[in-house]
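Worksheet for the structure shown next.
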Amino acid sequence: MHSKFTIHWFRSDLRLADNPSFSYACKNADIIPVYIFDETNKAHFPLGEASLTWLWNSLILLNNSLSDKLLIFKGNPMEILLTLAMENNVTGVFWNRCYTPWQVSQDTTIKQKIRSKKIECKTFNGSLLWEPWEVLKADGTPYKVFTPYYRRGCLGTKLPRTPLTTPKKISFAENIILKQPQLPKTFNQLKWQSKILRHALIGEKNAEKKLKTFLDSGIFSYKKGRDFPSSGDVSKLAPNLHFGEISPNQICSKVKNMPSSENTDNFMSELAWREFSYYLLYHFPKITKQNLRSQFDRFPWICNPKDLNAWKLGKTGIPMVDAGMRELWETGSMHNRLRMIVGSFLVKNLLIDWRSGARWFWDCLFDADLASNTAGWQWIAGSGADAAPYYRIFNPVLQGKRFDPEGKYIKKYIPELRKLDLKYLFAPWEAPPSILNKAGVIMGKTYPYPIVNLSTSRKTALEAFKVLKNNASN
DNA sequence: TGAAATGTTGGGGCG
DNA sequence: ACGCCCCAACATTTC
Numbered sequence: 001m002h003s004k005f006t007i008h009w010f011r012s013d014l015r016l017a018d019n020p021s022f023s024y025a026c027k028n029a030d031i032i033p034v035y036i037f038d039e040t041n042k043a044h045f046p047l048g049e050a051s052l053t054w055l056w057n058s059l060i061l062l063n064n065s066l067s068d069k070l071l072i073f074k075g076n077p078m079e080i081l082l083t084l085a086m087e088n089n090v091t092g093v094f095w096n097r098c099y100t101p102w103q104v105s106q107d108t109t110i111k112q113k114i115r116s117k118k119i120e121c122k123t124f125n126g127s128l129l130w131e132p133w134e135v136l137k138a139d140g141t142p143y144k145v146f147t148p149y150y151r152r153g154c155l156g157t158k159l160p161r162t163p164l165t166t167p168k169k170i171s172f173a174e175n176i177i178l179k180q181p182q183l184p185k186t187f188n189q190l191k192w193q194s195k196i197l198r199h200a201l202i203g204e205k206n207a208e209k210k211l212k213t214f215l216d217s218g219i220f221s222y223k224k225g226r227d228f229p230s231s232g233d234v235s236k237l238a239p240n241l242h243f244g245e246i247s248p249n250q251i252c253s254k255v256k257n258m259p260s261s262e263n264t265d266n267f268m269s270e271l272a273w274r275e276f277s278y279y280l281l282y283h284f285p286k287i288t289k290q291n292l293r294s295q296f297d298r299f300p301w302i303c304n305p306k307d308l309n310a311w312k313l314g315k316t317g318i319p320m321v322d323a324g325m326r327e328l329w330e331t332g333s334m335h336n337r338l339r340m341i342v343g344s345f346l347v348k349n350l351l352i353d354w355r356s357g358a359r360w361f362w363d364c365l366f367d368a369d370l371a372s373n374t375a376g377w378q379w380i381a382g383s384g385a386d387a388a389p390y391y392r393i394f395n396p397v398l399q400g401k402r403f404d405p406e407g408k409y410i411k412k413y414i415p416e417l418r419k420l421d422l423k424y425l426f427a428p429w430e431a432p433p434s435i436l437n438k439a440g441v442i443m444g445k446t447y448p449y450p451i452v453n454l455s456t457s458r459k460t461a462l463e464a465f466k467v468l469k470n471n472a473s474n
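Each residue of the first sequence is one higher than the last, beginning at 1 in the working numbering.
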């Protein structure tokens, strides 16, 4: 007797536990698990090298937990899924929803096409606590401010789904007829990749461990500790969440089982910021490329490849900024506090378009996530929803003194300043020659002079942003 | 989920 | 003892 075949299409849900589509597909059927490198989306935001590295490693781990049955393709998802389904008399094709604009429309088309062939097609919520269309203001329009969105909108609606367990019985389809070439399930690591992968904890099992570690210790000082880049009081779950190696529901339900405190509340609200980013992207799909607040379209961003490059390389001459940028380059990650600092610096001190910064993050981050990245950059630029006002300009020297008081973080990523007195570590250009000498620092040679004057560039920025404000009221 | 400028207060040195 | 000034330390306002 030939049993039923179903397809689960893995995307940003590279896990077996709490995977609604996968669980559904496994019920009373033999499953064909599929991953597709979507060639049709290349024109939008092709995955950066860091993301790709993580993804491949994650796929290999996923394939292991699927008894080597994961099929990996490259091409047009619609053609691949349809052919696979038709050739194998598949009765159902299922996936968890994604929220980037082109995926939303592409998914709709694919779903219609599959259903037109009399094949069941269902989609599920696998990666958000609340669907964006379920949380609206009383007048039916989407929230644009985080606090009411979260407090009234999210917390006021139904509770998020309780996590599902891994299906008890997973039965794989045998003798699958394949018309499309599969990608080999191997991944040759290049040298730079093994370097950034050194501290990367990839895959479903690691994500679970990481969460446990965080909930056993870091979370108890999260509210304060999360601001200090060398404290370690953060979950570092962003990339795992991005690839769906763990779901927000799994995190949420574990946190809710703990005694509630300002720390757990704060962590939950950070998780809600992730939701808010997806929410904004869903309701305002153009924000990946356009300012949410259109008066920013007139802002005279400065095109300065030299400054931009110095920023990318962590050679701006401002240690706190450079440390952040070097952490990104070396580890594929960056502490949240630093993301704000380097973002503010790029947009407000260098007056470079936030999109240039977003693009670099997109290329370098393991956790490069279109929703979070876009929302974060628009937030710091002031062009987004509930954004930082234009006059909120971080001073990277003060930020360093406040959040890296012992200079540990700076010294970790800027070895050439390791011997410099703490007093001048945050602004080496102010150090007297004798101190620099003693520390073996030669300004302009072993460490650059600052590419901008923080105080004058701040004033210039305030003037420039003020013009926007005045124009807006006209 | 800033920072700088400006304002206010209060203690201590000093004539 | 008193007023005056200086200036931290803190609070408020402004960008």
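Glycine included, each C-beta is placed from N, C-alpha and C at the ideal position.
Keep in mind it's a predicted model, so treat the numbers as computed, not measured.
Legend entry - Cβ pair residue 426, residue 273 closer than 9 Å: No, the Cβ-Cβ distance between residue 426 and residue 273 is not below 9 Å.
Legend entry - Opening and closing residue of the beta strand (DSSP E) in which residue 91 lies: Counting along the chain, residue 91 sits inside the beta strand (DSSP E) bounded by residues 90-96.
Legend entry - Own chain, CB closer than 6 Å to residue 476, minus 5 neighbours either side, in chain order: Any property of residue 476 remains undetermined from this structure, which presents the chain solely from 1 to 474.
Legend entry - Cβ neighbour criterion (16 or more within 10 Å) applied to residue 192: By the neighbour-count rule (16 or more Cβ atoms within 10 Å), residue 192 is not buried but exposed.
Legend entry - Proximity to residue 48 [Cα-Cα], best of 465, 14, 328: Per the Cα distances, 328.
Inset, instruction - Give the range of the alpha helix (DSSP H) segment to which residue 199 is assigned. - result: Per DSSP, residue 199 belongs to no alpha helix (DSSP H) and is neither H nor E.
Inset, instruction - Within its chain, find whatever has a CB closer than 7 Å to the CB of residue 361; leave out the 5 residues flanking it on each side and keep chain order. - result: Leaving aside the five residues that flank residue 361 on each side, the residues in its chain whose CB is nearer than 7 Å to its CB run, in chain order, 368, 373.
Legend entry - Ordered list of alpha helix (DSSP H) runs contained in the region 423-452, each at least 4 residues: List check, alpha helix (DSSP H) in window: 433-439.
Legend entry - Best match in 458, 416, 24, 13 for proximity to residue 441 [C-alpha to C-alpha]: When only C-alpha atoms are compared, the closest one is 416.
Inset, instruction - Have a look at residue 13 and residue 71 and give me their C-alpha separation to the nearest angstrom. - result: Taking C-alpha positions only, residue 13 is separated from residue 71 by approximately 15 Å.
Inset, instruction - Taking residue 118 as the reference, give the member of 110, 125, 124 with the closest Cα. - result: The shortest C-alpha separation from residue 118 is found at 110.
Legend entry - Residue interval of the beta strand (DSSP E) (run including residue 494): Outside the modelled stretch of the chain, which goes from 1 to 474, sits residue 494, for which no answer is possible.
Inset, instruction - Could I get the ranges of all uninterrupted alpha helix (DSSP H) runs contained in the region 393-425, with 4 residues as the minimum, in chain order? - result: Those alpha helix (DSSP H) runs which fall completely within the region 393-425 and span 4+ residues are 396-403, 408-413, 422-425.
Legend entry - Cα-Cα separation between residue 196 and residue 234, rounded to whole angstroms: Linking residue 196 to residue 234 through their CA atoms gives a straight-line distance of about 19 Å.
Inset, instruction - Could you say if the region 252-265 and the region 76-86 meet the contact criterion of at least three C-beta pairs nearer than 8 Å? - result: No: fewer than three Cβ pairs fall under 8 Å.
Legend entry - Pairwise C-alpha distance: residue 5 and residue 31: Each residue's alpha carbon lies about 6 Å from the other.
Inset, instruction - Please report how far the alpha carbon of residue 180 lies from the alpha carbon of residue 247, in whole angstroms. - result: In a straight line, the C-alpha of residue 180 is about 31 Å away from that of residue 247.
Legend entry - Exposed unless 16 or more other CB atoms sit within 10 angstroms - verdict on residue 353: Residue 353 comes out buried.
Inset, instruction - Tell whether a beta-carbon distance below 9 Å holds between residue 390 and residue 468. - result: Cβ distance < 9 Å, so residue 390 and residue 468 count as in contact.
Inset, instruction - State the start and end residues of the unbroken alpha helix (DSSP H) segment that holds residue 30. - result: Counting along the chain, residue 30 falls outside any alpha helix (DSSP H), though it belongs to the beta strand (DSSP E) covering 30-38.
Inset, instruction - Please work out which residues of its chain come closer than 7 Å, Cβ to Cβ, to residue 401, disregarding the five sequence neighbours upstream and downstream, and give them in chain order. - result: Cβ neighbours of residue 401 within its own chain (closer than 7 Å, five residues either side excluded): 426.
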